[in-house]
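S.K.: For reference, each letter of the sequence shown is one residue, going 0 to 224 in numbering that gives the first Met the number 0.
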Amino acid sequence: MNLADSLAPSSVGKSAQHLALGFFDGLHLGHQRVILGGKIPHPPAATAVLTFRDHPLSILHPERHPALITGDNPDPVLHAGTRISSSRIRESIQKGNLEEASSMLGRPFTLLGRVVTGDGRGKEIGFPTANLKTEDECLPPDGVFAGRALLPEKKTYIAAINLGTRPTFNGLDRRIEAHLIGYSGDLTGAEIDLEFHRFIRPEMKFHDAQSLSAQIKSDLKTISG
């Protein structure tokens, strides 16, 4: 795979037989069909994908710009009888319907971010967490989720992910924290992927750290399965 950030002839290469053009927000199953050739009888041996750093609608008014490129529009990909779209996937994620979102994406809903220093509350009660800073604005509702963490060295760990404000400690800002089961080390500064597999429970406020610790143990038992 070759990556280029220019439209210079040499950047695309001469072997591509098919150009997939789009914003491809989320790269769901519909996008994948376009990239793989859509309705073309004989799928191309080589494909080029032209996408954009920012959504064109943030710059252009579509009603003022006629279509300048024609091509093949593949049949829509359906889920539960309805066309898959980025807006539908975002709605499913924001409602907490992660299984539905994952079915449309063709993979688990995943956040990519950098691990930053937290306040150490998790470590104090025996469950250290990786605190994720992400630019993604599409997030599920607050709560505890079963998931998986993919580390830079490609190792994976089952993860208990908490999204919320940490009400037991009177937190105010919304954070993403993950306890990696079986991991010991310091991930500060590393970029990791967090896959959200399923919702476990809503975020709760406990009377004290001991009660929270007992609930986390129960959550981990559920997640480890």
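Glycine is no exception: its CB is placed at the ideal position from the N, C-alpha and C atoms.
Closer than 6 Å by C-beta to alanine 100: which residues in its own chain qualify, once you throw out the five before and the five after it? Chain order, please.
M.R.: Against the sequence shown, residue 100 aligns to sequence position 101. Contacts found: Ile88, Ser91, Ile92, Phe108.
S.K.: I'd like to know if the stretch 214-221 and the stretch 164-177 are in contact, where contact means that at least 3 CB-CB pairs between them fall below 8 Å.
M.R.: no
S.K.: Excluding the 5 residues preceding and the 5 following histidine 64 in the sequence, name in chain order all residues of the same chain whose CB lies nearer than 8 Å to its CB.
M.R.: Sequence index remark: in the sequence shown, residue 64 carries index 65 (1-based). The predicted position of histidine 64 is uncertain, since its pLDDT is 46 and thus under 50; a value taken from the coordinates is nonetheless stated next. For histidine 64, where only same-chain residues beyond five positions count, there are no Cβ hits under 8 Å.
S.K.: So, at 7 Å on beta carbons, what are the nonlocal neighbours of phenylalanine 23 in its own chain, with the 5 sequence-adjacent residues on each side left out?
M.R.: Translated into positions along the sequence shown, residue 23 becomes position 24. Hits under 7 Å: His30, Thr50.
S.K.: With burial defined as no fewer than 16 other Cβ atoms inside 10 Å of the residue's Cβ, what is the status of leucine 67: buried or exposed?
M.R.: Here residue 67 refers to the residue found at position 68 when the sequence shown is read from its first residue. Its pLDDT being 41, under 50, leucine 67 is placed unreliably by the model, and the measurement read from it follows with that caveat. Burial call: exposed.
S.K.: Looking at the strands, I want to know which residues DSSP matches up with glycine 163.
M.R.: What you label residue 163 is simply residue 164 of the sequence shown in a count that begins at 1. Arg174.
S.K.: Have a look at glutamine 214 and threonine 133 and give me their C-alpha separation to the nearest angstrom.
M.R.: Position 215 of the sequence shown, counted from the start, is the residue given in the question as residue 214. Position 134 of the sequence shown, counted from the start, is the residue given in the question as residue 133. Each residue's Cα considered, the two are about 26 Å apart.
S.K.: If you count every other CB in all the chains shown that lies within 10 Å of the CB of aspartate 4, and 16 or more means buried, which is it?
M.R.: For the purposes of this step, residue 4 is taken as the residue at position 5 of the sequence shown. That one is exposed.
S.K.: List the residues that DSSP assigns as beta-bridge partners of glycine 142.
M.R.: The residue given as residue 142 occupies position 143 in the sequence shown. Paired residue(s): Leu162.
S.K.: Is DSSP giving proline 65 helix, strand or coil here?
M.R.: Indexing the sequence shown from 1 puts residue 65 at position 66. Unreliable positioning characterises proline 65 in this predicted model, as indicated by a pLDDT of 42, which lies under 50. The coordinate reading is nonetheless provided below. Here proline 65 sits in coil by DSSP.
S.K.: If contacts are defined as beta-carbon pairs under 8 Å, then leucine 131 and alanine 177 qualify, I think. What distance do you get, rounded to the angstrom?
M.R.: Your numbering for residue 131 matches position 132 in the sequence shown. Your numbering for residue 177 matches position 178 in the sequence shown. 7 Å between Cβ atoms; contact.
S.K.: Need the endpoints of the alpha helix (DSSP H) that isoleucine 92 sits in, please.
M.R.: As a first step, residue 92 is located in the sequence shown; it is residue number 93 there, counting from the start. 85-93 is the extent of the alpha helix (DSSP H) around isoleucine 92.
S.K.: Determine the burial state of valine 115: buried for a count of at least 16 other Cβ atoms within 10 Å of its Cβ, exposed for fewer.
M.R.: Here residue 115 corresponds to residue number 116 of the sequence shown, with the count starting at 1. Exposed, because fewer than 16 other Cβ atoms sit within 10 Å of the Cβ of valine 115.
S.K.: Identify the residues that DSSP records as bridge partners of lysine 132: which are they?
M.R.: Along the sequence shown, one-based indexing puts residue 132 at 133. In DSSP, lysine 132 forms a bridge with Arg113.
S.K.: Am I right that threonine 128 and glycine 117 are in contact with their C-beta atoms under 8 Å? What's the rounded C-beta distance?
M.R.: For the purposes of this step, residue 128 is identified with residue 129 of the sequence shown, where counting begins at 1. For the purposes of this step, residue 117 is identified with residue 118 of the sequence shown, where counting begins at 1. The Cβ separation is near 7 Å, so the contact holds.
S.K.: The beta strand (DSSP E) with isoleucine 180 in it runs from where to where?
M.R.: Reading the sequence shown from its first residue, position 181 is the one you call residue 180. Run containing isoleucine 180: none; DSSP gives neither H nor E here.
S.K.: Taking buried to mean at least 16 other C-beta atoms within 10 Å of its own C-beta, is arginine 173 buried or exposed?
M.R.: Indexing the sequence shown from 1 puts residue 173 at position 174. Exposure of arginine 173 is indicated by the presence of fewer than 16 other C-beta atoms within 10 angstroms of its C-beta.
S.K.: Just the C-alpha distance for leucine 77 and serine 183, rounded to the nearest angstrom, thanks.
M.R.: Translated into positions along the sequence shown, residue 77 becomes position 78. Translated into positions along the sequence shown, residue 183 becomes position 184. Their Cα atoms are separated by approximately 42 Å.
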